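In the working numbering, the protein residues as written are 17 to 263. For every residue, glycine included, the Cβ atom is placed at its ideal position computed from N, Cα and C. Model, not experiment: these values are computed from the prediction. For reference, the structure discussed in these notes is given below.
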Amino acid sequence: MKVLDKIFRYFSACLVFMVLCSVMFLGNLFLLPYRVLRIRFSTYVIHILGAVLIKIFRIYVLGNPTERIQKFFPAIYVLNHASALDVVLSMFLAPIEVVSIAKKEVAWIPFLGWAYFLSGHLLIDRKNKEKAISSLNKNAEYVKKNSLGVWIWAEGTRSQDGRLQPFKKGFAHIALATRLPIVPVVMHNTHKKWPKHGLIHLAPFEVRIQVLDPIDTTSWTEENLDNSIQEVRMKFIENLGPEQKPL
């Protein structure tokens with residue numbers, strides 16, 4: 017029975033994933049001239065997808081992090097990235113009116129990547145620093161103009177072992193351009209449910225997500241940017257457990 021249950025859950029997850037990503041892809045084609053509508057539509061569909069996947073994978077989110085996320089909107093929500101599970105949880109947690117930022121390789125993921133490419137969210141080339149910063153600054157203006165928030169993984173890629181990695185500067189450049197506050201969102205132990213090299217475990221799993229108080233960015237400058245980034249990173253180090261603190 018356990019084997020059949022696993023097969024059923026994996027099959028159900030794949031089916032829901034393909035159907036909703038197809039809906040998002042087709043909807044974005046229809047809304048192609050209207051970027052802000054594509055962002056809202058795709059985030060709404062992704063929210064439904066995340067909620068369904070959380071049920072299928074038997075993930076139980078402790079507390080009510082969405083309440084604090086909404087409380088501080090609009091903001092730049094900065095997350096640590098320990099697992100692919102963080103993406104599933106972000107689907108469920110992110111407000112409808114946020115621009116999410118991902119590496120350009122995401123566009124190659126079947127179904128989700130194709131839909132994401134059309135969604136109005138931002139894909140950046142991490143290997144081309146000047147192009148990436150230019151794209152971030154351009155989109156920061158769009159965020160300000162349309163009163164949007166930003167959802168971004170500070171490390172730029174998943175951790176190999178769940179431990180916190182050095183932070184990239186992308187979120188800080190957006191903060192300089194928008195002056196939105198930084199809201200650290202701390203994901204605890206998600207790598208235990210879905211390790212980087214392996215399938216998601218289907219045993220019931222409780223996950224704790226901390227939404228910390230906003231960090232004001234109005235005094236940030238190019239000159240003190242490294243110190244400002246380190247200030248944000250320290251918030252994660254202070255709140256993560258020993259298994260996820262950097263060595």
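**Request:** Rounded to whole angstroms, what's the CA-CA distance from glycine 43 to asparagine 243? Just pull it up for me.
**Result:** Answer to the nearest angstrom: the Cα atoms are 42 Å apart.
**Prompt:** Per DSSP, arginine 224 is paired with what?
**Reply:** Note: arginine 224 sits in a beta bridge opposite His204.
**Prompt:** When you compare each of Val103, Pro81 and Met203 to glutamate 259 by their alpha carbons, which one comes out closest?
**Reply:** Residue Met203 is the option with its Cα nearest to glutamate 259.
**Message:** Only counting the same chain, and skipping five residues up and downstream in sequence, which positions put a Cβ closer than 6 Å to that of valine 199?
**Reply:** If we look at valine 199 and ignore the five residues flanking it on each side, its Cβ neighbours are Phe88, Ala91, Tyr93 and Pro230.
**Request:** Using three-state DSSP, classify lysine 22 as helix, strand or coil.
**Result:** Lysine 22: helix per DSSP, three-state reduction.
**Request:** Would you be able to state if there are at least three C-beta pairs under 8 Å between the region 47 to 56 and the region 138 to 156?
**Result:** Flag = no, the region 138 to 156 and the region 47 to 56 do not touch.
**Prompt:** With DSSP run on the structure shown, which of helix, strand or coil describes serine 163?
**Reply:** In this structure, DSSP gives serine 163 a state outside helix and strand, which the three-state scheme calls coil.
**Asked** For the 8 Å Cβ check, are there 3 or more pairs between the region 116 to 128 and the region 168 to 177?
**Response** The region 116 to 128 makes contact with the region 168 to 177: 3 or more CB pairs, one atom from each, lie closer than 8 Å.
**Request:** Can you grab the Cα-Cα spacing for the pair arginine 25 / lysine 18, in whole Å?
**Result:** Cα to Cα, arginine 25 sits roughly 11 Å from lysine 18.
**Straight-line gap, threonine 234 to serine 150 (C-alpha atoms, nearest Å)** = For threonine 234 and serine 150, the distance between alpha carbons rounds to 21 Å.
**Asked** Helix, strand or coil: how does DSSP classify leucine 42 here?
**Response** Leucine 42: helix per DSSP, three-state reduction.
**Asked** So what does DSSP say about tyrosine 158, is it helix, strand or coil?
**Response** Three-state result, tyrosine 158: helix.
**Message:** Taking contact to mean 3 or more Cβ pairs, one atom from each stretch, closer than 8 Å, check whether the region 244 to 252 and the region 207 to 215 are in contact.
**Reply:** Result no; under three Cβ-Cβ pairs closer than 8 Å.
**Asked** With C-beta atoms as the reference, is phenylalanine 108 less than 7 Å away from alanine 123?
**Response** No, the pair does not count as a contact, with Cβ atoms beyond the cut-off.
**Prompt:** If you count every other CB in all the chains shown that lies within 10 Å of the CB of proline 81, and 16 or more means buried, which is it?
**Reply:** Burial call: buried.
**Asked** Can you tell me whether DSSP reads alanine 170 as helix, strand or coil?
**Response** Three-state result, alanine 170: coil.
**Prompt:** For the alpha helix (DSSP H) that contains lysine 87, what are its first and last residues?
**Reply:** 81 to 87 is the extent of the alpha helix (DSSP H) around lysine 87.
**Message:** Counting C-beta neighbours from all protein chains within 10 Å, is the total for asparagine 96 16 or more, i.e. buried, or is it exposed?
**Reply:** If you draw a 10 Å sphere on the C-beta of asparagine 96, you find 16 or more other C-beta atoms in it, and that means buried.
**Backbone secondary structure at leucine 101 - three-state DSSP** = Under the three-state reduction of DSSP, leucine 101 is assigned to helix.
**Rounded separation between phenylalanine 27 and phenylalanine 33 - CA only** = Rounded to whole angstroms, phenylalanine 27 to phenylalanine 33 spans 10 Å at the Cα level.
**Request:** Output the residue ranges of the alpha helix (DSSP H) runs that lie fully inside the region 94 to 144 and measure 4 residues or longer, sorted by chain position.
**Result:** Counting whole runs of 4 or more residues, the region 94 to 144 contains the alpha helix (DSSP H) stretches 101 to 109 and 128 to 134.
**Item:** Inter-residue Cα distance where the pair is phenylalanine 127 and lysine 184
**Value:** In a straight line, the C-alpha of phenylalanine 127 is about 27 Å away from that of lysine 184.
**Message:** So, with DSSP's three-state summary, where would you put tyrosine 76?
**Reply:** Here DSSP, grouped into helix, strand and coil, assigns tyrosine 76 to strand.
**Request:** Would you tell me roughly how many angstroms separate the C-alpha atoms of leucine 218 and glutamate 239, rounded to the nearest one?
**Result:** In a straight line, the C-alpha of leucine 218 is about 47 Å away from that of glutamate 239.
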